[in-house]
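Residue numbers (the working numbering): 211 to 345.
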């Protein structure tokens, strides 16, 4: 019988294969969509690392990486085996999506980054509030 670490390595292997089939820049787009750095993407796509993929990132991963139906089914089967107590949102439940907002371009790059960070923090806070209210 396989242990959970083997299942983690197997579903990460599927994700890694899917990303490698996509155009260059997919890892960067995924990092931006998850609001993480590229080293995080390396950790969640490398079967050699036992770091699990957080369940909250799955829908974004599926949207950015475009799994085939078979790949997604295999991935989810292994994910459930690796993490039997984690609940994955069913269709029709709240899912995260990425939106873009037009903002003025500040002449200072640090101000641009701060504005982006503040908007992301606001969106994260709204998501947490919604989750709290739904419990």
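Glycine included, every Cβ here is placed at the ideal spot set by N, Cα and C.
- Rounded to the nearest angstrom, the gap between the Cα atoms of residue 270 and residue 343 is 23 Å.
- For residue 312 and residue 328, the gap between their C-alpha atoms comes out near 14 Å.
- Residue 279 sits in a helix when the DSSP states are folded into three classes.
- For residue 309, no alpha helix (DSSP H) segment is defined, and its DSSP state is neither H nor E.
- Residue environment for residue 324: exposed (fewer than 16 other C-beta atoms within 10 angstroms of its C-beta).
- Here residue 316 is exposed. Its C-beta has fewer than 16 other C-beta atoms within 10 Å.
- With 16 or more other Cβ atoms inside 10 Å of its own Cβ, residue 251 counts as buried.
- The C-beta distance from residue 268 to residue 217 rounds to 15 Å, too long to fall under 8 Å, and the pair is not in contact.
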